[in-house]
Amino acid sequence: MGGPPRPTSERPPNRRAVLSALAAAPAAALLAGCGSDSTSGGGRTLTYNYWGASDRALLVEKAVRLFEKLHPGTTVKTSFSDFGSYWQKMMTAAAGGNTPDVLEMDYAYIHALGDHGVLADLNPYVGADKQIDLSTLRPQLRASGMVGAKRYAVPVALNSLAVMYDAKLYKEAGAVPPSLSMSYEQCIHETAKISRYTRGKQAGMTDPAVNYQGLEIWLQQHGKALFTASGKLAFEPEDLRTYLTLMQKWRESGGLGPASVINDTLPGTPVGANRAAAVITWDNQLAGFAGQRGSALSLSLPPTDTGVSGVYPKASMLMSISANSPRRALAATFVNFMINDPRVGRILGSNLGMPPTDGQLPYSRTFKGTDAVVRDFEASIASKQVRTPVAPPQAGGEFNTYYGRVYEKLSYRRIGIDEAVKEIFQQAEVILG
Amino acid sequence: MAATTAPPASRTPGKDAPRRRRRGNAAYVFLTPWMIGAAVLTVIPMLVSLYLSFTDYNLFDAPHWLGLQNYRRLLFDDPQFRESVWVTLKYVVVSTPVKLVLALAVALLLNTRRRGRNFYRAAFYMPSLIGASVGAAIVWRILFSSGSVIDQLTSAFGLHTGGWVGNPDWALMVVVALSVWQFGAPMVIFLAGLQQIPPDLYEAASMDGAGPWRRFRSVTVPMLSPVIFFNLVLEMIHAFQVFNSAFIVSNGNGGPAGSTFVYSMYVYELGFTDYRMGYASAMTWILVVVVGVITGVLFKTSGRWVHYSGEVK
Amino acid sequence: MSLPVSSGRPGRTTLWHVCALAVLCVLLYPLVWVLTSAVKPADEIISSLDMLPSHLDWSGFSTASQGIADVPAWRFFTNSLILAIGAVIGNVLSCSISAYAFARLRFRGRGPMFAVMIGTLLLPQHLLLIPQYIIFQKAHLIDTYVPLLLGKFLAVDAFFVFLMVQFVRGLPRDLDEAALIDGCGPFRIFGHIVLPLMRPALITTSIFTFIWSWNDFFTPLIYLQSPDKYPLPIALRLFVDATSTQDYGAMLAMSVMSLAPVVIFFIAFQRLLVEGASTSGLKG
Numbered sequence: 118m119g120g121p122p123r124p125t126s127e128r129p130p131n132r133r134a135v136l137s138a139l140a141a142a143p144a145a146a147l148l149a150g151c152g153s154d155s156t157s158g159g160g161r162t163l164t165y166n167y168w169g170a171s172d173r174a175l176l177v178e179k180a181v182r183l184f185e186k187l188h189p190g191t192t193v194k195t196s197f198s199d200f201g202s203y204w205q206k207m208m209t210a211a212a213g214g215n216t217p218d219v220l221e222m223d224y225a226y227i228h229a230l231g232d233h234g235v236l237a238d239l240n241p242y243v244g245a246d247k248q249i250d251l252s253t254l255r256p257q258l259r260a261s262g263m264v265g266a267k268r269y270a271v272p273v274a275l276n277s278l279a280v281m282y283d284a285k286l287y288k289e290a291g292a293v294p295p296s297l298s299m300s301y302e303q304c305i306h307e308t309a310k311i312s313r314y315t316r317g318k319q320a321g322m323t324d325p326a327v328n329y330q331g332l333e334i335w336l337q338q339h340g341k342a343l344f345t346a347s348g349k350l351a352f353e354p355e356d357l358r359t360y361l362t363l364m365q366k367w368r369e370s371g372g373l374g375p376a377s378v379i380n381d382t383l384p385g386t387p388v389g390a391n392r393a394a395a396v397i398t399w400d401n402q403l404a405g406f407a408g409q410r411g412s413a414l415s416l417s418l419p420p421t422d423t424g425v426s427g428v429y430p431k432a433s434m435l436m437s438i439s440a441n442s443p444r445r446a447l448a449a450t451f452v453n454f455m456i457n458d459p460r461v462g463r464i465l466g467s468n469l470g471m472p473p474t475d476g477q478l479p480y481s482r483t484f485k486g487t488d489a490v491v492r493d494f495e496a497s498i499a500s501k502q503v504r505t506p507v508a509p510p511q512a513g514g515e516f517n518t519y520y521g522r523v524y525e526k527l528s529y530r531r532i533g534i535d536e537a538v539k540e541i542f543q544q545a546e547v548i549l550g
Numbered sequence: 007m008a009a010t011t012a013p014p015a016s017r018t019p020g021k022d023a024p025r026r027r028r029r030g031n032a033a034y035v036f037l038t039p040w041m042i043g044a045a046v047l048t049v050i051p052m053l054v055s056l057y058l059s060f061t062d063y064n065l066f067d068a069p070h071w072l073g074l075q076n077y078r079r080l081l082f083d084d085p086q087f088r089e090s091v092w093v094t095l096k097y098v099v100v101s102t103p104v105k106l107v108l109a110l111a112v113a114l115l116l117n118t119r120r121r122g123r124n125f126y127r128a129a130f131y132m133p134s135l136i137g138a139s140v141g142a143a144i145v146w147r148i149l150f151s152s153g154s155v156i157d158q159l160t161s162a163f164g165l166h167t168g169g170w171v172g173n174p175d176w177a178l179m180v181v182v183a184l185s186v187w188q189f190g191a192p193m194v195i196f197l198a199g200l201q202q203i204p205p206d207l208y209e210a211a212s213m214d215g216a217g218p219w220r221r222f223r224s225v226t227v228p229m230l231s232p233v234i235f236f237n238l239v240l241e242m243i244h245a246f247q248v249f250n251s252a253f254i255v256s257n258g259n260g261g262p263a264g265s266t267f268v269y270s271m272y273v274y275e276l277g278f279t280d281y282r283m284g285y286a287s288a289m290t291w292i293l294v295v296v297v298g299v300i301t302g303v304l305f306k307t308s309g310r311w312v313h314y315s316g317e318v319k
Numbered sequence: 018m019s020l021p022v023s024s025g026r027p028g029r030t031t032l033w034h035v036c037a038l039a040v041l042c043v044l045l046y047p048l049v050w051v052l053t054s055a056v057k058p059a060d061e062i063i064s065s066l067d068m069l070p071s072h073l074d075w076s077g078f079s080t081a082s083q084g085i086a087d088v089p090a091w092r093f094f095t096n097s098l099i100l101a102i103g104a105v106i107g108n109v110l111s112c113s114i115s116a117y118a119f120a121r122l123r124f125r126g127r128g129p130m131f132a133v134m135i136g137t138l139l140l141p142q143h144l145l146l147i148p149q150y151i152i153f154q155k156a157h158l159i160d161t162y163v164p165l166l167l168g169k170f171l172a173v174d175a176f177f178v179f180l181m182v183q184f185v186r187g188l189p190r191d192l193d194e195a196a197l198i199d200g201c202g203p204f205r206i207f208g209h210i211v212l213p214l215m216r217p218a219l220i221t222t223s224i225f226t227f228i229w230s231w232n233d234f235f236t237p238l239i240y241l242q243s244p245d246k247y248p249l250p251i252a253l254r255l256f257v258d259a260t261s262t263q264d265y266g267a268m269l270a271m272s273v274m275s276l277a278p279v280v281i282f283f284i285a286f287q288r289l290l291v292e293g294a295s296t297s298g299l300k301g
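Protein chains in written order, with the numbering used here: chain A, 118 to 550; chain B, 7 to 319; chain C, 18 to 301.
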């Protein structure tokens, strides 16, 4: 751990030594950047990796610089990449035992890394007189990052699935936008109006069933769940059949547009490319989607047949500390700074999601534009959300990919519902072990 | 081409034994990098891969011996494996002949002494160099998307795909087209082969009253058969390993509806996103065996149609 | 079909040119399309049938040159260049000495070793992918350029070894036998006689190595993870992903930037390239 900085030389430095030291300074900075624990002279260095696009990087870097200013002698060396490469890199780093001191964590990877002993249990660092203060953590997030009694991660932001829709277009088409008070039947009817109004140029909604999020919402609306605590499927083939039949009806009504739209607009999205008027996705992505679409989008809850919303508060990003980091206490101080410091809340806005603690929450009052829309939406749905489900198993992502592929075949009418249900359950057995 | 026998080394007079030994030792010095490379990057990895294919290695935990379980699961219990095999076979069976026929046709066109043939030869070869790049695949994806020039063109002829890349019946054809576009490599090899055919054979055939088609059938094809065979084997081996174009054209997911989910993409996904290294290794060994068997069959049956002696039927 | 001998009749020559030009137009259409579309206004890119833009729009290039994720575009360009040049140096050095030994020196184990070399030529690269990855990962070399370059310095590209072996076999032996009688050792014979004579093969190798390395997508995709180390192809894909918009203008501008060096290289060396490809049977 970082002791006080020591002079590099015992003898009083002469002028020449000072000059050469100055010349060597950039080299020293480079060396420090390599992650060597340079407690002597160079201060303390933390390595911190996260994922995102460049807009997020600008904000996070700002917060990191503030931390460095508040902790003189500490350097935070950051590195970021897009979600896919980030996890590829992190998994290899984890297998090789060279993860960074602090790493951004996703709900889906807590098991993958935690179960292999890569992540430090943060419990020893949590408490009023310890480095991390979780006393004002928003209640919905309490359980996020826990695996059994161990705390492998701390939430940095809160988000939720929501319907993002073009309110103007819905109004023009005389269609009622999706909401909690709407049944799937009604929603199918209303979204089809958009497709008719735009003569097929825009679908009423992007097919929500292409990944397992749509299925998860529906399951939770019916008091069920996607995965059990032991990482198996928590629903029956009959549930899946009912859901897929419902979605088939929706697709056939024209409300979801042809199956090819999603593939055709890759790497963009149908909503971004103005080929669908609504989508179910994470609410903190509002600014991104509206930017791609070039017009304002509103937020709402998905339709339901049970009165239950099926959406839950999710830690959109978490932070973990490597079990083998030699600077875990300092890392914990940094994590605390990121979740509790009000200034960080102001810097990050709703880019990651809503602030995770009461310490940062008041600053959301100053949010403007899409940040404010997300804030108001989150505030309005808090009482309607269901409980956060258990973290998905390690192979959850693999299952999601497989599910998506089978669903796509279904939506292109390559296979029937019975076959899809059979394939998904058969492979789930193999994939989830 | 790829002779498996070593080339004759220099005919140093045998009497000078000490000097020869010195040259022999020098050979090992010259070959040190290659020997290290062959051992560390080829032979050892091959053995490791073979071993891993019988285990459940996942990069984190020590590998457990599974015996033949990976192979059994792949062959009998993995729908995605079966689909990727099917997609890859379709790709190989369509792209290889189309590419070779086009390469041969253009080579025939360019087999002339007219001025400009070198210019054309070079220009036709260019796609072979850039076709493998991500930039080209991205262009391809855009060119075949809905509302694009090609979509409009084919729609005008009554083929309404609604965008080739979003249509599972046609998306693989975009990948095929990208491969066929790179016909330049087999073309220049055909051209070199065509230039080896003695002109008097054609003259003799003409004397016998053979028209262009007869001349092609009875002179060109037999004389060119070793080159055709070489191109066929090479292109087929490459086609089995297709990755880049399918990956980019499908934006990394092998869609729509798995229609471009080729073998290598499944290997990549298993190995590098799911970290099922053992399982993925088993998959690569199956590919090696299959490609090896097909190549072997081609060699076996080649005696019936490949004429090495150069005699004309 | 055409005869190997020009038939001299002007009508047929015109027909021949028409045919060749027609094939050429179809073939190079995507290239011309990407060049003109990169400077088209956004709404004309996809569906406009006009070859030429209604007015020049450079916004794609300015977006693309900003790079991604705080890494400027020139950085990707430099990375690609470093990798390509490194690969060229490695291949030229290692393949030439290996080829010389195989082609000219007699030593114990030459036959089996040559067979192994030819064998690696036919081995699907995917087979080695996973174990090589594990080896580099155990050596903590992931996210460095070592996995991408090491093989080049160890003559792993058997294509080029084979190409050079064929070439050296075609060289007259008189010179090096004369040198041998003068008491030159194999090292001096290689350095002073064979290597200079190998120039055409070395140039072919260099050009192909450069272009293949420049285009390589799979290896960096697997081994590199930090955006500031990405070469152009990966950056191009990340760019497409990270913006997650259909900014075709910028995508095409970046494609043009990545294709341009290859096209320029090709125009400069086309003769050598095509000869090289036809004599060695290389896969382009």
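Glycine included, every Cβ here is placed at the ideal spot set by N, Cα and C.
Quiz item: In terms of residues, what are the limits of the alpha helix (DSSP H) holding Thr236(C)?
Solution: 235-240
Quiz item: What is the rounded straight-line gap between the Cα of Leu249(C) and the Cα of Gly168(C)?
Solution: 21 Å
Exercise. Could you pull out every unbroken alpha helix (DSSP H) segment of at least 4 residues lying fully inside the segment 346-378 of chain A, listed in chain order?
Key: 354-369
Quiz item: If we cut at 9 Å on Cβ distances, does Ile234(B) have a partner in chain C?
Solution: Closer than 9 Å: no.
Quiz item: Listing by chain order, which chain C residues have their CB less than 8 Å from the CB of Arg145(B)?
Solution: The displayed chain sequence assigns Val, not Arg, to residue 145(B). The answer, in chain order, is Pro47, Trp50, Val51, Leu269, Ser272.
Quiz item: Rounded to a whole number of angstroms, what is the C-alpha to C-alpha distance between Leu275(A) and Ile147(C)?
Solution: 38 Å
Quiz item: Should Val140(B) be labelled buried (16 or more other beta-carbon atoms within 10 Å of its own) or exposed?
Solution: buried
Quiz item: Is the segment 299-316 of chain A close to the segment 369-385 of chain A, with three or more CB pairs under 8 Å?
Solution: yes
Practice problem: Could you tell me which chain A residues have their CB closer than 7 Å to the CB of Ser243(C), listed as they occur along the chain? | Solution: What Ser243(C) touches in chain A: Ser196, Ser198.
Exercise. Check the Cβ-Cβ distances between Val396(A) and every residue of chain B, and say whether any is below 9 Å.
Key: Not an interface residue.
Quiz prompt | Closest residue to Lys539(A) among Thr195(A), Ala346(A), Lys247(A), Asp356(A) (Cα-Cα distance) | solution = Asp356(A)
Self-check item: Contact set between the segment 133-149 of chain C and chain B, restricted to residues whose Cβ is under 9 Å from the partner
Solution: Val133, Met134, Ile135, Gly136, Thr137, Leu138, Leu139, Leu140, Pro141, Gln142, His143, Leu144, Leu145, Leu146, Ile147, Pro148, Gln149
Quiz item: From Gly533(A), Thr192(A), Gly340(A), pick the residue whose C-alpha is nearest to that of Tyr429(A); which is it?
Solution: Gly340(A)
Quiz item: What residues in the segment 492-507 of chain A bring their beta carbon closer than 9 Å to a beta carbon of chain C?
Solution: none
Self-check item: Against chain A: residues of the segment 151-181 of chain C by CB proximity under 8 Å
Solution: Those residues of the segment 151-181 of chain C that come within reach of chain A (Cβ to Cβ, closer than 8 Å) are Gln154, Lys155, His157, Ile159, Asp160.
Quiz item: Buried or exposed: where does Lys306(B) fall if 16 or more other Cβ atoms within 10 Å of its Cβ makes it buried?
Solution: Exposed, because fewer than 16 other Cβ atoms sit within 10 Å of the Cβ of Lys306(B).
Practice problem: Answer yes or no: does any C-beta atom of chain C fall closer than 9 Å to that of Lys288(A)? | Solution: no
Quiz item: What does a CB cutoff of less than 6 Å around Asp488(A) pick up in its chain, not counting 5 residues either side in sequence?
Solution: Gly466, Ser467
Practice problem: Using a cut-off of 8 Å between C-beta atoms, extract the partners of Thr474(A) located in chain C. | Solution: Near Thr474(A) there are no residues of chain C at all, since even the closest Cβ is about 28 Å away, more than 8 Å.
Quiz item: Is Ala146(A) helix, strand or coil by DSSP?
Solution: Residue placement at Ala146(A) cannot be trusted, given a pLDDT of 37 that sits under 50; what the coordinates show is reported in the next sentence. It is helical.
Quiz item: Are the segment 378-396 of chain A and the segment 405-420 of chain A in contact at 8 Å, needing three or more beta carbon pairs?
Solution: yes
Quiz item: Would DSSP call Met299(A) helix, strand or coil?
Solution: Looking at Met299(A) - three-state DSSP - the assignment turns out to be coil, as it is neither helix nor strand.
Quiz prompt | Among Glu194(C), His209(C), Thr222(C), Leu32(C), the one whose alpha carbon lies nearest that of Val291(C) | solution = Thr222(C)
Self-check item: the segment 219-234 of chain C / the segment 174-184 of chain A touching (three or more Cβ pairs under 8 Å)
Solution: no
Quiz item: Which word fits His143(C), buried or exposed, when buried means at least 16 other C-beta atoms lie within 10 angstroms of its C-beta?
Solution: Looking at its Cβ environment, which holds 16 or more other Cβ atoms inside 10 Å, His143(C) is buried.
Exercise. Reducing DSSP to helix, strand and coil, say where Ser243(C) ends up.
Key: coil
Practice problem: Look at the alpha carbon of Ile548(A) and the alpha carbon of Ala128(B), and state the distance between them as a whole number of angstroms. | Solution: Computed Cα separation, rounded: 50 Å.
Practice problem: Output, in chain order, the set of chain B residues within a Cβ distance shorter than 7 Å of Arg522(A). | Solution: Gly264
Self-check item: the segment 227-247 of chain A / the segment 503-517 of chain A touching (three or more Cβ pairs under 8 Å)
Solution: yes
Quiz item: Residues in the segment 187-214 of chain C with C-beta within 8 Å of chain B's C-beta atoms, listed in sequence order?
Solution: Arg190, Asp193, Glu194, Leu197, Gly202, Pro203, Phe204, Phe207
Exercise. Could you list which residues in chain B have their beta carbon closer than 7 Å to that of Lys526(A), in chain order?
Key: Ala263, Gly264
Quiz item: Count the other CB atoms within 10 Å of the CB of Thr290(B); is the residue buried (16 or more) or exposed (fewer)?
Solution: The residue is buried, with at least 16 neighbouring Cβ atoms inside 10 Å.
Quiz prompt | Chain-ordered chain B contacts of Asp381(A) [CB-CB under 7 Å] | solution = Ser151, Ser152, Gly169, Val171, Gly172
Practice problem: Please name the residue in Gly200(C), Trp91(C), Met134(C), Leu192(C) whose C-alpha comes closest to that of Val211(C). | Solution: Leu192(C)
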